[in-house]
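Reviewing the structure listed below.
Protein chains in written order, with my numbering: chain A, 8 to 535; chain B, -4 to 101.
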């Protein structure tokens, strides 16, 4: 049987290209043709949000010529008998928050509408050096500020390939939608509160947020510098591991990229879960919501369909030999979002002060009296609502008279969140966990227009993922089944610092053990 | 709902943030800020030991995994023209900006 190339996973493509079954050009052409069929018009400034509502709209910029040239370079290496790299000919997309030399690098914001990056981000350069082929830049929430992609200045924003009336999640929504819809086998994303894992859960793909410091942030347009991480979106665990392998490691351009050696992630995959201790915490089985009228927070149980997916995963892993540890206390999980409202906004406000219409990016075309008016107009016209909101919030909670009450307190609560994880992962502690198994999201993908505008409710979409960003630990979201409406459900594994290898191992064991379950054979609507 | 951020505080912050807003934007943003602060108030009820240290980041950076600081050296960028090409207004290699007002500091 002939392959439908766009449906192949990254490791299959790399193997076939290396063996000469396909050329990298054949693969790239096949995927570009597939994109032309399913993606529809790319997001553009002042674009119609309702254009082609049955298409994916993952892209802002498709770089077809560049992709074909890269593919030819891979083929030339193979022809010359050289090693084309572990990602030989693997087509991938890049969230448009990373700089790629010579491409529009927009952060999905008008304020960078004309910014052609003069340099390439380290993780992108490493994926290219490994033989990967960049298809283009995919959409996101403006400056990554959101959980649905609806805040992008480039419309239409991406739609969920399983049901285009639903959001793909965010902020790496274009990445997750592209991978789910076979528009590239891999995508490079970022995760500051759940921005890789939440869209991965919504789109039924694998999303890895590595440990803070595992992958360089050089060339990532910064949001929350102490929380931002660079990671992989893929259709299976092997591909996510392959991608991390190519990206991870120290970088002279990023002082937070650690010098810890990068383990062989692929070799660890088949080791199974025998003897691993995997925890379940009641604090991840209840969710917090703000009341739409009063703003008061109230708790409710996790929806049954999501609880069932997590419990099923626990049973599957137990049957594979893992020890399931119940009633693990994670008492500060519920404060993750309130603390994030403070910490991330302070960092965002600081990072967004650089966009001033002077050195690069958007400058108002209006006549202005002086420099100050130019700043105000350029920023007022260039930023959308979400960046403005984050700048103002960050300035307020860090102002001299309020910072003890807000910013300082939030940083102390961050310590408590970190201590929750340290206690349960402590090899000499009471729980001695190798990983925690949790749901990724409190709901499946919500309807487009269902939440956007309510910035508090939108932020609570990240309530089960954000603690990992406060703590810096790694987390992975895995497809965990489909609900009655056919929407994907995500399960999450969280582990101690630099335990990506263990998370991949558990994820791979789960994937293998559930390979024959009926839902695994179901494809997203747009590729049926 | 309690309005912690009054129109006066809001306008002051907008000025400091160098943002020009439409009246509709201002109304929406001030409403959302107050709503977010309400959510943040959940932090006030957590019993907190006075000695609890702050965490400015999650992962510790012991010397064995921390990169050595780079040498403090100046390197010319090879892409000078690409960088200058990004500038909104340039003349003879200098960035052009509107008049910079001079204010008497009190």
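The beta-carbon is built from N, C-alpha and C at its ideal position, and this holds for glycine as well.
This structure is a prediction, so every number in the text was calculated from the model and none was measured.
Separation of the CB atoms of residue 355 of chain A and residue 397 of chain A is rounded to 4 Å, and the pair is thereby assigned contact status at 8 Å. Under the criterion of beta carbons closer than 8 Å, residue 35 of chain A and residue 140 of chain A qualify as touching, at roughly 5 Å. Residue 435 of chain A sits in coil when the DSSP states are folded into three classes, being neither helix nor strand.
By the C-beta density criterion, residue 116 of chain A is buried, having at least 16 other C-beta atoms within 10 angstroms.
With the rule of 3 Cβ pairs closer than 8 Å, the stretch 62 to 74 of chain A counts as touching the stretch 29 to 46 of chain A.
When DSSP states are grouped into helix, strand and coil, residue 505 of chain A belongs to the coil group. Around the beta carbon of residue 321 of chain A, 16 or more other beta carbons sit within 10 angstroms, so the residue counts as buried. Residues of chain A with a Cβ closer than 7 Å to the Cβ of residue 38 of chain B are, in chain order, 342, 345, 346, 416, 417 and 420. With its beta carbon at least 9 Å from every one in chain B, residue 445 of chain A lies outside the interface. Proximity to residue 389 of chain A across A/195, A/119 and A/105 peaks at A/119, based on C-alpha coordinates. Per DSSP, residue 67 of chain B lies in no alpha helix (DSSP H) segment and is marked neither H nor E.
Within chain A, no C-beta atom comes nearer than 8 Å to that of residue 2 of chain B; the closest sits roughly 13 Å away. Taking a contact to require three or more Cβ pairs closer than 8 Å, the stretch 169 to 179 of chain A and the stretch 411 to 427 of chain A do not qualify as touching.
Note on the stretch 131 to 216 of chain A: whole alpha helix (DSSP H) runs with a minimum of 4 residues are 180 to 187 and 204 to 210, in chain order.
Secondary structure in the stretch 329 to 386 of chain A: the alpha helix (DSSP H) runs of 4 residues or longer, each lying completely within the stretch, are 343 to 359 in chain order. A residue is called buried when at least 16 other Cβ atoms come within 10 angstroms of its Cβ; residue 11 of chain B does not meet this threshold and is exposed. Residue 237 of chain A sits close to residue 196 of chain A, with the two beta carbons spaced by under 9 Å.
With contact defined as three or more Cβ pairs closer than 8 Å, the stretch 472 to 490 of chain A and the stretch 139 to 154 of chain A are not in contact.
Residue environment: residue 276 of chain A is assigned as buried (16 or more neighbouring CB atoms within 10 Å of its CB, all protein chains considered). By alpha-carbon distance to residue 89 of chain A, the top candidate from A/25, A/32 and A/225 is A/25.
For residue 290 of chain A, the closest C-alpha among the options A/345, A/179 and A/337 is that of A/337. With its beta carbon less than 9 Å from one in chain A, residue 28 of chain B belongs to the interface.
Using a C-beta cut-off of 8 Å, the stretch 428 to 441 of chain A makes no contact with the stretch 367 to 374 of chain A, since fewer than three inter-stretch Cβ pairs fall below that distance. Taking a C-beta distance under 9 Å as the contact criterion, residue 20 of chain B and residue 392 of chain A qualify as a contact pair.
Here DSSP, grouped into helix, strand and coil, assigns residue 412 of chain A to helix. The residues 442, 481, 509 and 510, in chain order, have a CB closer than 6 Å to that of residue 502 of chain A in the same chain once the five nearest residues on each side in sequence are set aside.
Counted as a single uninterrupted DSSP element, the beta strand (DSSP E) harbouring residue 305 of chain A occupies residues 304 to 308.
Nearest to residue 88 of chain B by C-alpha distance, out of B/67, B/57, B/76 and B/27, is B/76.
Contact check for residue 142 of chain A and residue 100 of chain A: beta-carbon distance about 5 Å, within the 8 Å limit, so the pair qualifies.
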